[in-house]
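Student: Sending over a structure as structure tokens; questions will come in a sec.
Number of protein chains: 2
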Amino acid sequence: MKRTPFASWPCSIARTVDLLGDWWTPLVLREASYGSKRFGEFEANLKIGRNILTQRLNRLVEEGLLERVLYQERPERYEYLLTDSGRDFFPVLAAMAHWGDTWRSGNEGPPVVMRHQSCGHATHAEVVCAHCGEPLKLEDVTSELGPGYPQRLREKAEQMPRFAAQQ
Amino acid sequence: MKRTPFASWPCSIARTVDLLGDWWTPLVLREASYGSKRFGEFEANLKIGRNILTQRLNRLVEEGLLERVLYQERPERYEYLLTDSGRDFFPVLAAMAHWGDTWRSGNEGPPVVMRHQSCGHATHAEVVCAHCGEPLKLEDVTSELGPGYPQRLREKAEQMPRFAAQQ
Numbered sequence: 003m004k005r006t007p008f009a010s011w012p013c014s015i016a017r018t019v020d021l022l023g024d025w026w027t028p029l030v031l032r033e034a035s036y037g038s039k040r041f042g043e044f045e046a047n048l049k050i051g052r053n054i055l056t057q058r059l060n061r062l063v064e065e066g067l068l069e070r071v072l073y074q075e076r077p078e079r080y081e082y083l084l085t086d087s088g089r090d091f092f093p094v095l096a097a098m099a100h101w102g103d104t105w106r107s108g109n110e111g112p113p114v115v116m117r118h119q120s121c122g123h124a125t126h127a128e129v130v131c132a133h134c135g136e137p138l139k140l141e142d143v144t145s146e147l148g149p150g151y152p153q154r155l156r157e158k159a160e161q162m163p164r165f166a167a168q169q
Numbered sequence: 003m004k005r006t007p008f009a010s011w012p013c014s015i016a017r018t019v020d021l022l023g024d025w026w027t028p029l030v031l032r033e034a035s036y037g038s039k040r041f042g043e044f045e046a047n048l049k050i051g052r053n054i055l056t057q058r059l060n061r062l063v064e065e066g067l068l069e070r071v072l073y074q075e076r077p078e079r080y081e082y083l084l085t086d087s088g089r090d091f092f093p094v095l096a097a098m099a100h101w102g103d104t105w106r107s108g109n110e111g112p113p114v115v116m117r118h119q120s121c122g123h124a125t126h127a128e129v130v131c132a133h134c135g136e137p138l139k140l141e142d143v144t145s146e147l148g149p150g151y152p153q154r155l156r157e158k159a160e161q162m163p164r165f166a167a168q169q
């Protein structure tokens with residue numbers, strides 16, 4: 003897999019994209035979120051080549067979203083379980099699903115519907131402001147340099163129109 | 003670019019992933035969401051090769067997330083503007099940003115902070131149930147076949163554990 007070191011950019015989107023890497027990685031995560039644990043389950047449900055699957059599972063383990071756990075001793079067999087950070091990726095998948103439901107479903111409607119067991123209703127993901135709870139729309143949001151923006155890049159960044167609003 | 007036809011899968015995540023395609027595409031979208039419009043702006047801000055950028059911009063135009071608009075006649079110059087579906091991708095980027103803020107920021111904290119101009123507060127994306135407004139967590143969500151799930155695949159899908167809850 004070609005790697006571009008987005009992980010080092012001062013941008014949480016780029017750092018997340020670095021992990022996604024290619025088409026398959028988010029779908030392996032989707033599969034894990036659907037409850038798949040074993041290599042053969044991922045393989046059968048995704049119809050993915052074994053080499054590619056091995057590579058993507060290893061990457062997700064390296065990155066801490068999946069944990070590789072021994073479930074059988076002879077022969078040794080492992081399963082792949084979501085970690086906290088892997089489970090925490092579900093809202094991203096749910097937001098992606100809603101975009102796809104809206105813009106890629108055609109006239110037939112969504113192929114899959116989520117049910118929120120807590121409230122009992124068929125639902126979909128809505129992305130809201132963590133403070134006021136209103137839907138987060140592009141036109142209402144501005145960006146500011148955060149505490150983790152590298153010092154050596156700050157001066158240059160302060161000139162960028164995207165961060166100018168705070169000056 | 004190698005293409006795997008995820009667009010035809012009965013899954014809105016796969017259909018969205020098909021669009022993302024590689025590391026660069028979501029970052030070109032991020033850049034457009036930050037206000038970049040012209041080829042040179044994308045190029046300078048992303049430090050991306052011209053061939054790769056051309057390819058990704060064309061793909062986003064084909065897919066309807068960007069619109070290519072003439073802004074100067076001699077010589078002809080175009081800019082790339084977000085369409086409704088492109089703007090509607092912002093919540094997905096915001097959800098990705100929050101995951102990255104949480105799991106990829108280290109001790110320094112987030113590199114960039116969003117401010118919600120509507121309420122005036124520094125904020126982040128929260129993904130909630132569109133019905134009850136509670137945070138959408140993996141363990142509270144089940145999946146059901148939706149109206150757009152292809153008839154010819156329904157019988158097989160109904161056997162899958164992920165869709166079994168509704169039987």
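Here the protein sequences come in this chain order: R and U. The first sequence begins at 3 in the numbering used here and counts up by one. The second sequence begins at 3 in the numbering used here and counts up by one. Just so it is clear, CB atoms sit at the ideal spot from N, CA and C, and this is done for glycine as well. Just so it is clear, the structure is predicted and the values come from calculations on it, not from any experiment.
How would you write the range of the alpha helix (DSSP H) that U:Thr85 sits in, first residue to last?
Tutor: Counting along the chain, U:Thr85 falls outside any alpha helix (DSSP H), and DSSP gives it neither H nor E.
Student: Going by DSSP, what residue range makes up the beta strand (DSSP E) through R:Leu68?
Tutor: Per DSSP, R:Leu68 belongs to the beta strand (DSSP E) from Leu68 to Gln74.
Student: By how many angstroms is the C-alpha of U:Cys121 removed from the C-alpha of R:Cys131?
Tutor: Cα-Cα distance, rounded: 9 angstroms.
Student: For R:Glu124, which residues in the same chain have their Cβ closer than 6 angstroms to its Cβ, ignoring the five residues on either side in sequence?
Tutor: Before going on, a small fix: residue 124 of chain R reads as Ala here, not Glu. Here the set comprises Val115 and Arg117.
Student: Would you report the Cα separation of R:Ala96 and U:Arg76, rounded to the nearest angstrom?
Tutor: Rounded to the nearest angstrom, the two C-alpha atoms are 45 angstroms apart.
Student: Can you pull the chain U neighbours of R:Val94, defined as C-beta to C-beta under 9 angstroms?
Tutor: Simply Val94, Ala97, Met98, His100, Trp101 and Val129.
Student: Nearest-angstrom Cα distance between U:Gln74 and U:Cys134?
Tutor: If I take the Cα positions, the gap works out to 48 angstroms.
Student: If I'm right that R:Glu43 touches R:Leu55 with Cβ under 8 angstroms, what's the distance once you round it to whole angstroms?
Tutor: Not confirmed; about 11 angstroms, so no contact.
Student: Is U:Tyr80 close to chain R? Criterion is C-beta to C-beta, closer than 8 angstroms.
Tutor: Output row for U:Tyr80: interface = no.
Student: Can you list, in chain order, the residues of its chain whose CB lies under 8 angstroms from that of R:Arg79, leaving out five sequence neighbours each side?
Tutor: Hits under 8 angstroms: Arg40, Leu72 and Tyr73.
Student: Label U:Ser10 either buried or exposed according to how many other C-beta atoms from any shown protein chain fall within 10 Å of its C-beta, with 16 as the threshold for buried.
Tutor: That one is exposed.
Student: Per DSSP, what kind of secondary structure is U:Ser38 in: helix, strand or coil?
Tutor: Three-state DSSP puts U:Ser38 in coil, outside helix and strand.
Student: From R:Lys158 to R:Asp20, what does the alpha carbon distance come to, in whole angstroms?
Tutor: Straight-line Cα distance between these residues: approximately 23 angstroms.
Student: Which same chain residues end up closer than 7 angstroms to U:Leu83 when comparing Cβ atoms and leaving out the 5 residues on each side of it in sequence?
Tutor: Closer than 7 angstroms at Cβ, skipping near neighbours: Lys39, Leu68, Glu69 and Val71.
Student: Say whether the stretch 134-149 of chain U touches the stretch 145-160 of chain R, bearing in mind that this needs 3 or more beta-carbon pairs closer than 8 angstroms, one atom from each stretch.
Tutor: They do not touch, by the three-pair rule.
Student: Just the chain R side, please: which residues come within less than 8 angstroms of U:Ser1 by C-beta, in chain order?
Tutor: With chain U covering 3 to 169 only, the question about residue 1 of chain U has no answer from this structure.
Student: Does the beta-carbon distance from U:Leu29 to U:Leu59 come in below 8 angstroms?
Tutor: No, they are not a contact pair.
Student: What in chain R is Cβ-close to U:Ser28, meaning under 8 angstroms?
Tutor: Before going further, note that residue 28 of chain U is Pro rather than Ser in the sequence given. Correct list: Ile15, Val19 and Leu22.
Student: For the candidate residues U:Ser35, U:Met162 and U:Thr27, whose alpha-carbon lies nearest to that of U:Gln57?
Tutor: Nearest option by C-alpha distance: U:Thr27.
Student: Keeping to the same chain, check which residues put their C-beta closer than 7 angstroms to that of U:Ala16; ignore five residues upstream and five downstream.
Tutor: Excluding sequence neighbours, U:Ala16 sits near Phe8.
Student: Tell me, please, whether the CB atom of R:Tyr73 is closer than 8 angstroms to any CB atom in chain U?
Tutor: Judged by the 8 angstroms Cβ criterion, R:Tyr73 is not in contact with chain U.
Student: How long is the line joining the alpha carbons of U:Gly66 and U:Gly88, rounded to whole angstroms?
Tutor: Approximately 7 angstroms, taken between the alpha carbons.
Student: Is the Cβ-Cβ distance between U:Ser183 and R:Ala99 less than 8 angstroms?
Tutor: This structure leaves residue 183 of chain U out entirely; chain U is present only between 3 and 169.
Student: Find the nearest neighbour of R:Gln119 within the set U:Leu140, U:Glu110 and U:Val129, judged by alpha-carbon distance.
Tutor: Residue U:Leu140 is the option with its Cα nearest to R:Gln119.
Student: Along the chain, where does the beta strand (DSSP E) that runs through U:Arg117 open and close?
Tutor: It spans Val114 to His118 - the beta strand (DSSP E) in which U:Arg117 sits, taken as one unbroken run.
Student: Based on the DSSP secondary-structure assignment, which residues constitute the bridge partners of R:Ser145?
Tutor: Paired residues: U:Met116.
Student: Please work out which residues of its chain come closer than 7 angstroms, Cβ to Cβ, to U:Asp52, disregarding the five sequence neighbours upstream and downstream, and give them in chain order.
Tutor: Going by the sequence as given, residue 52 of chain U is Arg instead of Asp. So the list reads Glu45, once near-sequence residues are dropped.
Student: Locate the beta strand (DSSP E) running through U:His133, then write down its first and last residues.
Tutor: Per DSSP, U:His133 belongs to no beta strand (DSSP E) and is neither H nor E.
Student: Roughly how many angstroms lie between the CA atoms of R:Phe92 and R:Pro152, to the nearest whole one?
Tutor: Answer to the nearest angstrom: the Cα atoms are 29 angstroms apart.
Student: What in chain R is Cβ-close to U:Glu64, meaning under 8 angstroms?
Tutor: In chain order: nothing, as chain R lies at least about 13 angstroms away.
Student: For the stretch 32-43 of chain R, which residues have a CB atom closer than 7 angstroms to at least one CB atom of chain U, in sequence order?
Tutor: Listed by position along the chain: Arg32, Ser35, Tyr36 and Gly37.
Student: I want to see whether chain U comes within less than 8 angstroms of R:Pro7, judged by CB atoms only; does it?
Tutor: With 8 angstroms as the cut-off, R:Pro7 does not count as an interface residue toward chain U.
Student: Please tell me whether R:Arg156 has its Cβ less than 8 angstroms away from any Cβ of chain U.
Tutor: Answer no: the Cβ-Cβ gap between R:Arg156 and chain U never drops below 8 angstroms.
Student: Rounded to the nearest angstrom, how far is the Cβ of U:Thr104 from that of R:Asp90, given a contact under 8 angstroms?
Tutor: At roughly 7 angstroms, the Cβ-Cβ gap stays under 8 angstroms, so U:Thr104 and R:Asp90 are in contact.
Student: Give me whichever residues DSSP pairs with R:His123 in a beta bridge.
Tutor: In the DSSP output, where bridge partners are listed per residue, R:His123 has R:His118.
Student: Looking at the unbroken alpha helix (DSSP H) that takes in U:Arg154, where does it start and where does it end?
Tutor: Per DSSP, U:Arg154 belongs to the alpha helix (DSSP H) from Gln153 to Glu160.
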